[in-house]
Amino acid sequence: MSINATLLGQLFIVWLVISTIIIAILAKRKTKTPIMVTLIGFIASFIPFVSIGMMIMLALKNDINTTENKIATGV
Numbered sequence: 035m036s037i038n039a040t041l042l043g044q045l046f047i048v049w050l051v052i053s054t055i056i057i058a059i060l061a062k063r064k065t066k067t068p069i070m071v072t073l074i075g076f077i078a079s080f081i082p083f084v085s086i087g088m089m090i091m092l093a094l095k096n097d098i099n100t101t102e103n104k105i106a107t108g109v
């Protein structure tokens, strides 16, 4: 199976969308500035290893304490 430029471009677009969505979900739970982190994550998605590293960093970061989290956990 040969991979032509069209297929490679389509895979790249799919990667941008999926990685940006994952980073946005993690940023919403883990940071106080989710829009800025999501924008940085979108830019980082152009280099896959950087975006994977950003996802790992966000996944390992502790959740922020908000009233929504306290209500959901019953604290």
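Letter by letter, the sequence shown follows residues 35 to 109 of the working numbering. Virtual Cβ for every residue (Gly too), placed ideally from N, Cα, C. No experiment lies behind these values; they were computed from the predicted model shown.
**Message:** Rounding to the nearest angstrom, what Cα-Cα distance links Ser85 and Ala93 in this structure?
**Reply:** As a position in the sequence shown, residue 85 is number 51, starting the count at 1. As a position in the sequence shown, residue 93 is number 59, starting the count at 1. Rounded to the nearest angstrom, the two C-alpha atoms are 12 Å apart.
Notebook entry, point to check: Between Gly87 and the rest of its own chain, which residues show a CB-CB distance below 7 Å, the 5 nearest in sequence each way excluded?
Noted result: Here residue 87 is taken as the residue at index 53 of the sequence shown, counted from 1. The answer is none, since no qualifying residue turns up.
- Message: Only counting the same chain, and skipping five residues up and downstream in sequence, which positions put a Cβ closer than 7 Å to that of Lys64?
- Response: Stepping through the sequence shown from its first residue, residue 64 is reached at position 30. Contacts found: Leu92, Lys95, Asp97, Ile98.
What three-state label does DSSP hand Phe80 in the structure shown? As a first step, residue 80 is located in the sequence shown; it is residue number 46 there, counting from the start. Of the three classes helix, strand and coil, the one that applies to Phe80 here is coil, per DSSP.
- Query: In chain order, what residues of the same chain have a beta carbon less than 7 Å from the beta carbon of Lys66, not counting five sequence neighbours either side?
  - Reply: One-based indexing of the sequence shown puts residue 66 at position 32. Same-chain partners within the cutoff: Ile98.
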